[in-house]
Structures are given as C-alpha cells and as structure tokens.
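As structure tokens, the structure follows; a few thoughts come after it.
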C-alpha cells in the first residue's frame, strides 16, 4: 500500500464546533447535488459523533423529499433496538422537515438495485474506531480483505466483532469510494493518532479509504471526547 500524501485534519475546539462545521459541509454538498442532478444520496453513520451533526443537519433548508439516506453499516437487530443505527438516524436526523427524506435501511438487506441506484453517493459520513475500522470493516474479521478489495457493495459480518459483538451488514470499501465527498468524524487524541498512523502507511481500513479515495475527504477532529 502506498504512503499517501498528508491530508489536512480540520481541528475544532469542541464537539459543538465540529458538529456545526460538519453539518454545514454535508448540507452544502446535498444542496449542490439537488441543484445539479435533482436528487441527493447521503450515507449516514452510527456512533457518538454523528448525533449532534444530525441535530443540526435536519434543519438545513433543502428539499428533503428528494434526499435518500442510507447507512454505512448496520447491526442485525430489530429497528427499535438501541443498537440500531437506523434508529439513531430516525430519531436524530429524520425529524421536522427532514422527515420527508427516504431512509433505505441496510437491515433487512435492501435490493441491490435500490442501493446501486444511489451511486455515486453525494456525501458519505463515517466514524472510526480506535482499531482503525470504518463502517463495519473491522480488523480481526477473517473476511476483512473481501470487504476492502472485493467487488461487492454490501457484505455481511459475522457476530463476534465490534461493540456490541452482534452480526452486522456493511457497505464495502468499493461502495464507500463511490462518493462525491467523504466526511470522517473523529474525536480524542487516540483516534487522531490512528489517523496519523494511517496517513504514514499503516495498513488499516481507514488507511485504505484515505489512500484510495479520489473524492475529497475532509477529516473533522476535536480533542474533546472519543
């Protein structure tokens, strides 16, 4: 794997400042997509960092009726389970005017054609674990390389990995790279160190994303949290 040129990490003093900036950036990308090709596709993510972003993004003055939201990954749990990423999106993003957006859940798995119709995604939001995982492309998965190098857009992930260690479904790296813009949200010194190691060439899932992306990748970081 090649060592990538250093990407700028955008620093924000507080999680609130990060959420403000990320929401504005994603909203601008969705608005541009609506203006240029009449619809917009957003890949949302789970975890702690995106909730405050969703709280702000949902107030964006865009035509949410023409926005389709899907997920970078999902736990194979009921839709009302607290571990469900779709539940987080419904409760924090698809509120008010944004409730008019269409949610294409990953669990149960959607028809492949429905997902592929969104490609290229206009905006992909991602978090990252301290092990360098993105979506549910998790180190320690015996099938990880298939998710990083294979031709599929969606793959199952067996139980036993991640928190909670339940079965999952994930977009592959190939799918994530079919994007017009990628936004990586991280917090805390440990995760910043992981990203810096990835930039230096450590073979982590996040490094594969950063080294292979042809779309703009913006890394939003705050020292508080994570």
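Numbering (the numbering used here), first residue to last: 118 to 343. Where a beta carbon is used, it is the ideal one built from N, C-alpha and C, also for glycine. Given the structure is predicted, the values throughout are model-derived calculations rather than measurements.
Exercise. Can you tell me whether residue 322 is buried or exposed, with buried defined as 16 or more other CB within 10 angstroms of its CB?
Worked result: buried
Exercise. Anyone know if the C-beta pair for residue 315 and residue 339 falls short of 8 angstroms?
Worked result: no
Exercise. Cα separation between residue 154 and residue 185?
Worked result: 13 angstroms
Exercise. Taking buried to mean at least 16 other C-beta atoms within 10 Å of its own C-beta, is residue 162 buried or exposed?
Worked result: buried
Problem set entry | residue 262 burial status per 10 Å Cβ neighbour count (16 or more: buried) | exposed
Exercise. Would you say the beta carbon of residue 141 comes nearer than 7 angstroms to a heavy atom of the ligand MN?
Worked result: This structure lacks the ligand MN; in fact it carries no ligand of any kind.
For this session: Check whether the segment 327-334 touches the segment 292-299, counting contact only when three or more Cβ pairs, one atom from each stretch, lie closer than 8 angstroms.
Result: yes
Exercise. In three-state terms, what does DSSP make of residue 322?
Worked result: helix
For this session: Quick one: residues in its chain with C-beta nearer than 7 angstroms to the C-beta of residue 164, no 5 flanking neighbours on either side, listed in chain order?
Result: 244
Problem set entry | residue 125 (DSSP reduced to helix, strand or coil) | coil
Exercise. Around the Cβ of residue 206, are there at least 16 other Cβ atoms within 10 angstroms (buried) or fewer (exposed)?
Worked result: buried
Exercise. Pairing CB atoms from the segment 248-259 with CB atoms from the segment 220-237, are three or more of them under 8 angstroms?
Worked result: no
Problem set entry | Nearest neighbour of residue 100, chosen from 189, 178, 138, 135 [CA to CA] | The shown model of the chain, from 118 to 343, leaves out residue 100, and the question about it has no answer.
Exercise. To the nearest angstrom, how far is it from the Cα of residue 201 to the Cα of residue 283?
Worked result: 11 angstroms
Problem set entry | Beta-ladder partner(s) of residue 161, from DSSP | 188
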